[in-house]
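Residue numbers (my numbering): -2 to 111.
Below: the structure, in structure tokens.
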């Protein structure tokens, strides 16, 4: 069965903070309901905790790091799920029940096994 990644784009918040408890409860409800197809996933800390890495000059070049996100946006990449679904239609139906789809966006892509 194919695997899909569901990338969640929502407000850039700290999902571990008490202020997010109600919405995290909704994510737990989603997780319980979609348990049959979820193969992994996590929420991400806010973009302020990110480090962007580039290699100047390509392979073997100088490693350059920048604190914070690559770009400033209204919605940020805030988490992901790995879903094992029969097809894209099942993945989309699963994601439509995810809180991120109600208040943000969820990008669904097939995964290429490495």
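Where a beta carbon is used, it is the ideal one built from N, C-alpha and C, also for glycine.
For the beta strand (DSSP E) containing residue 72, list its first residue and its last residue. For residue 72, no beta strand (DSSP E) run applies, since DSSP gives it neither H nor E.
Three-state class that DSSP yields for residue 110 in the structure shown: coil
Run of the beta strand (DSSP E) containing residue 64, from where it starts to where it stops: Residues 59 to 64.
Inter-residue spacing [alpha-carbon to alpha-carbon] between residue 99 and residue 1: 19 Å
Between residue 42 and residue 102, is the Cβ-Cβ spacing less than 8 Å? Contact: no.
Residue 73 beta carbon less than 8 Å from that of residue 123: Residue 123 lies beyond the stretch modelled for the chain, which goes from -2 to 111, so this question has no answer here.
Quick test of your reading: residue 65 and residue 88, contact by CB under 8 Å. State the CB separation rounded to the nearest angstrom. Not really, about 31 Å apart at Cβ, beyond 8 Å.
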